[in-house]
Amino acid sequence: MKEYNPSNVGVKNGKIFGLPFNFDESEIVILPVPWEVTTSFGSGTSKASEKILEQSTQLDLYHLDFPNAWKKGIFMLNNSKEILELNKTYKAKAQEIIALLEKGKAQAELQQDIDKINEVSNKLNKWVFEQTTTLLNQNKKVILLGGDHSTPIGFLNALSLKHKNFGILQIDAHADLRNAYEGFTHSHASIMYNALKIKAVEKIVQVGVRDLCEEEVELINSDTRIECFYDKKIKQDLYSGKNYNQIIKEIIDALPQKVYISFDIDGLDPKLCPNTGTPVAGGLEYTQALEIIRQIKSSGKEIIACDLVEVGNADWDANVAARLLYEMACYL
Ligand SMILES: [Mn+2]
297 MKEYNPSNVG VKNGKIFGLP FNFDESEIVI LPVPWEVTTS FGSGTSKASE
347 KILEQSTQLD LYHLDFPNAW KKGIFMLNNS KEILELNKTY KAKAQEIIAL
397 LEKGKAQAEL QQDIDKINEV SNKLNKWVFE QTTTLLNQNK KVILLGGDHS
447 TPIGFLNALS LKHKNFGILQ IDAHADLRNA YEGFTHSHAS IMYNALKIKA
497 VEKIVQVGVR DLCEEEVELI NSDTRIECFY DKKIKQDLYS GKNYNQIIKE
547 IIDALPQKVY ISFDIDGLDP KLCPNTGTPV AGGLEYTQAL EIIRQIKSSG
597 KEIIACDLVE VGNADWDANV AARLLYEMAC YL
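So this note's numbering is basically just the index in the sequence shown, starting at one, shifted up by 296.
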């Protein structure tokens, strides 16, 4: 390992970024959660980790802020076969339900089938909770890699047992504040609604939101724990001459000392994630998003953990995601 030179050609050694570390040698562990059961539009996010692994050896690993960060060791676990199987079976069932709902069938008539999906989602959440609890107990810094945006709830619960209070920075095109979506309690569109039920979550700061419903706006306006930096508002401020650093300062000021980063890749401009589940025009540039994370770190606030979700199953999407993942690992 001492002879390893990250400036050499990326080696396809089957490990993330072609790094030479095993699990025990790694301070940072990426847990893939190949789950997209309640995905309503595009699909493929359950294959993201394989695609990212494939693309990750294309990266040059020199990090301007933390050139030695990679030495801490970064390791990605394998996909769980059991979760892959569950995802496959129940995604098909959920698709049938969604198709019937879209044809106008009443939700009440499908309740039994919907309940079954909710039951399996609970099983997934329990699995994520157990996996991440074990990793945290081994003193690993954990990045959860989706899958869709429903996947991190078990991780947030695990973190809430380690940290009395923390805030969430949510980079996302959507507010994800729906009280269940299409009857699914653990829909990707409900993750932050569910996160608000966790006592330790004292703040959710949303950045890049530009596709939302009235119910969500009402919640944003009425719950003081939520602060939303709408994409439109950020851009309007920039167009009228406001300094982007000032906007970042306001975002960081809104966050408490401990920060969890929930990065839905659809928060970025869709040219950077064309195959994500629900792409939305507008959004952040790659460097605009990274600069927020960089400044959280330099502000002295503590990044306790991250997720990266909704990455589509395509080379370019995975290439962007691999870079994001590496950056997040270095800032962690
Ligand atoms: Mn989302």
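Yeah, the Cβ is synthetic: ideal placement off N, Cα and C, and Gly gets one too.
Find the nearest neighbour of residue 459 within the set 427, 599, 616 and 564, judged by alpha-carbon distance.
599
Quick one: which unbroken alpha helix (DSSP H) runs of 4-plus residues sit fully inside the stretch 476-527? Chain order, please.
487-491 and 510-518
For residue 624 and residue 554, I'd like the C-alpha separation in whole angstroms.
15 Å
Using 7 Å as the cut-off, classify the Cβ of residue 512 as near or not near the heavy atoms of ligand 1, replying yes or no.
no
Determine the direct distance from the alpha carbon of residue 317 to that of residue 348, and round the result to whole angstroms.
Between residue 348 and residue 317, the C-alpha separation is close to 17 Å.
If you draw a straight line from the alpha carbon of residue 428 to that of residue 572, how long is it in whole angstroms?
25 Å
Report the start-end ranges of each beta strand (DSSP E) in the stretch 303-383 that is 3 residues or longer and not cut off at the edges.
324-329 and 370-372
Name the DSSP bridge partner or partners of residue 419?
Looking at the DSSP assignment, residue 419 forms no beta bridge with any residue, so it has no partner.
In terms of residues, what are the limits of the alpha helix (DSSP H) holding residue 542?
Bounds of the alpha helix (DSSP H) holding residue 542 are 540-550.
Determine contact between the stretch 557-566 and the stretch 453-473, defined as no fewer than three beta-carbon pairs at a distance below 8 Å.
A contact is defined here as three or more CB-CB pairs under 8 Å, and the stretch 557-566 meets this definition with respect to the stretch 453-473.
Roughly how many whole angstroms lie between the Cα atoms of residue 608 and residue 509?
24 Å
Measure the CB-CB distance between residue 444 and residue 606 and report whether it falls below 8 Å.
yes
At a cut-off of 7 Å, would you count residue 445 as near ligand 1, judging by its Cβ distance to the nearest heavy atom?
yes
Going by other Cβ atoms of all chains shown within 10 Å of its Cβ, with 16 needed for buried, is residue 319 buried or exposed?
exposed
May I ask you to list the residues that DSSP assigns as paired with residue 556?
464 and 601
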